[in-house]
Amino acid sequence: MSQTAYRTHHATEVTEDLVGQKVTLAGWVDRRRDHGGVAFIDLRDNTGLVQVVIYDEEMARPLRSEFVIQVVGEVRLRPDGNENEHLATGKIEVVAESIEVLAKSDALPFQVSTALENESENKLPGEDVRLKYRYLDLRRPSMQRNLKLRAQMSKAARHALEEMGFEEIETPTMIKSTPEGARDFVVPARLVPGSWYALPQSPQLLKQLLMVSGVERYYQLARCYRDEDFRADRQPEFTQLDMEMAFVDQEDVMAMAEKVIAAIWKSAGYDIKLPIQRITWQDAMDKYGSDKPDLRFGNPLIELTDYFKNTPFRVFQAPYVGAVLFKGGAATPRRQFDAWQDWAKQRGAKGLAYVVFAENGDLKGPVAKNLSEEERNGLKEAVGAEDGDAVFFAAGRRTSSQELLGAVRVELARRAGLLKPDDFAFTWVVDFPLFKPTDDPDDDDVAVGHSKWTSMHHPFTMPSKDWIDKFDKDPEHAMSDSYDIVCNGNEMGGGSVRIHRDDIQDRVLDVLGITPEEANDKFGFLLEAFKYGAPPHAGIALGWDRTAAILAGADSIRDVIAFPKAGGGRDPLTGAPAPISAEQRAETGVDYDPDEDED
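All residue numbers for the sequence shown refer to my numbering, where the first residue is -14 and numbers rise by one.
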């Protein structure tokens, strides 16, 4: 509904059909231009711009950028030759009869004008300044588009899920602390001194309880909280589209999720071909060095462990040796290869070995002289190179070496301009291990339990059918019924078939080193529920911020969140986190000592 007390139309609703009619508009002064007794302003609202012509100098004089105004005027066609084909309202303008200033604006700390969106003078400040004045940053057209896109996504997902019989149900945001792979944010319970609520890392246990409750098909745009070390693209509070189904298996959930994803992308004008392709977790690591492979381009990793099994080169005498092809890389100057070494060291590697296949067929580079003649002669064929190419190598532990090469692969594609944000390459990653070792130096997740094994996903993930009878006898190789949905090298979401039998759950907890007493203390309410007839169930959650960022082509999830946190969880806008007063501290019971209470 456009018509309100302050307007009859939004800016972009003023079209040629309204020529000769009077309209009332309201919005911000985006830009002002004066031309010898005639002033022009671009009026901006959340739909876009419309040009207003002012012939009365007194009417125009007080107007400044970002003043909030109401304009009453007549719509007319722009004079021939003055049309603006880049503007939706570029063929018309409004001749102002009256203008009322609804609110004035001080000089802005940075420019938000639509007119400067693609001009060189529109240089945004650092992110801390943008977040401090986020309400101004959100006026920029790209940010407005992101917020609208996110709203359209939610509408599309809800519609798709409701068509499939899902019910939207809210779950609590103050719960009991349960193990889910990260640290909890905790809240003191004033009425129960010495006790605490935890903010949920996900609604995992609660949605499983809904399945026990007979809901069968649940969804929620759920707020989640994880107290973990800061990373550039993580937020301490985030949103996920949470979905759970009873009496289903992995195939049912994946088919459902594909319909939801297709609806989300359709809301932005894209068609996705279904079904989405699949790759096993092992193949993803072996071919692309990542469990979230970017498939917008090829250039898979090349394993050379067997090729170098008798090598005299000590560096390649390793459990794993792999390579990635640098097409046309022979022309790279030595200083750029040196820069690659620095790039690798920033990722925690010791360096990045390489060879160059010169145009004349010679093999060059620091590694070349350390290889045997046989290895030198067969290397070009082994890696599928041609004269003029280069090859990067990694050797050492399989996982860390593959991850390094996987990052090289993506960086090569980025520098070659192959990572187009409006190309979407989806894949399911399936057949994940059930457990992972707790002593992995490259893994910063908080271990669940107290053994040498922790859950790859979470402790309530069902072992695959082939492993139900033996997963606790061989945890290293046990597989699970779990799946991730990946797009453009980003994990959009993931899920699994859940454990609904208490005997299997007990055995999984035993592998994790969680005693029955500890399990009962932390999530005994779920185990108790399973005694009363729990149906087979499975689900998936999409990271809503990440999904929105992929669809918007945004570099960071912060660009699709209205009020995100900065580094370390800081909020430059409100100043959170902040100290509390002594009175607040005493009232919350943070310092409650039960021994003193007994005295």
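C-beta atoms are modelled at their ideal positions from N, C-alpha and C, and glycine is treated no differently. Just so we're clear, the structure is a prediction, and the values are computed from it rather than from any experiment.
Item: Bridge partners of E152, per DSSP?; Value: Y203
Item: Cutting at 7 Å between CB atoms, please list the residues of its own chain near R135, excluding the five before and the five after it.; Value: A533 and V545
Item: Are L3 and D30 touching if we call contact CB-CB under 9 Å?; Value: no
Item: Thinking C-alpha only, which one of Y305, E148, A410 and M447 is nearest F378?; Value: Y305
Item: Which class does S187 belong to by DSSP, given the choice of helix, strand or coil?; Value: coil
Item: Quick one: what's got a C-beta closer than 6 Å to E106's C-beta in the same chain, skipping five residues either side?; Value: Because the pLDDT of E106 is 47, which lies under 50, any placement of that residue in the model is unreliable, and the question is left without a value.
Item: Can you pull the DSSP bridge partners for A597?; Value: Residue 597 lies beyond the range of the chain shown here (-14 to 584); nothing can be said about it.
Item: Which residue from V53, T32, E51 and V14 puts its Cα closest to that of V38?; Value: V14
Item: Would you kindly work out how many angstroms separate the C-alpha atoms of P188 and K133, rounded to a whole number?; Value: 26 Å
Item: When you compare only the Cα positions, how much space is there between V496 and M228?; Value: 28 Å
Item: Can you tell me whether DSSP reads Y120 as helix, strand or coil?; Value: helix
Item: Alpha carbon to alpha carbon, what distance is there between I287 and L348?; Value: 18 Å
Item: Grab me the residues of A514's own chain with a C-beta within less than 6 Å of its C-beta, minus the 5 sequence neighbours each way, in chain order.; Value: L194 and V197
Item: For E70, report the span of its beta strand (DSSP E) as first-last.; Value: E70 -> no beta strand (DSSP E), and no H or E assigned at all.
Item: Going by alpha carbons, who is nearest to E68 out of F95, V35 and A81?; Value: V35
Item: Would you call the CB atoms of N473 and D218 closer than 9 Å?; Value: no
Item: May I ask which residues mark the beginning and end of the alpha helix (DSSP H) holding Y273?; Value: W266 to Y273
Item: With the cut-off set at 9 Å, would you say R49 and R17 are in Cβ contact?; Value: yes
Item: What are the start and end residues of each continuous beta strand (DSSP E) run of 3 or more residues lying completely inside the segment 344 to 411, in chain order?; Value: 375 to 381
Item: I need the straight-line Cα distance from E104 to S98, nearest angstrom please.; Value: Note that E104 has pLDDT 47, beneath the 50 cutoff, so the model's placement of it is unreliable and no number is given.
Item: So G599 packs on G434, CB below 8 Å; how close in whole Å?; Value: Residue 599 lies beyond the residue range present for the chain, which begins at -14 and ends at 584; the question has no answer from this structure.
Item: How about the segment 149 to 156 and the segment 545 to 562: do they share at least three Cβ pairs that are nearer than 8 Å?; Value: no
Item: State whether the segment 157 to 164 contacts the segment 174 to 187, with contact taken as three or more CB pairs (one from each stretch) at a distance under 8 Å.; Value: yes
Item: Assuming K450 and T163 are in contact, meaning their beta carbons sit under 8 Å apart, how far apart are those beta carbons, in whole angstroms?; Value: Incorrect: roughly 27 Å between the Cβ atoms, too far for contact.
Item: Taking Cβ positions, are V393 and L364 nearer each other than 9 Å?; Value: no
Item: Is DSSP giving M128 helix, strand or coil here?; Value: helix
Item: Using only the alpha-carbon positions, how far apart do K330 and A269 sit?; Value: 24 Å
Item: Quick one: is E366 buried, meaning 16 or more other Cβ sit within 10 Å of its Cβ, or exposed?; Value: exposed
Item: According to DSSP, simplified to helix, strand and coil, what is G33?; Value: strand
Item: Which ranges would you report for the alpha helix (DSSP H) in the segment 289 to 341 if only whole runs of at least 4 residues count?; Value: 319 to 331
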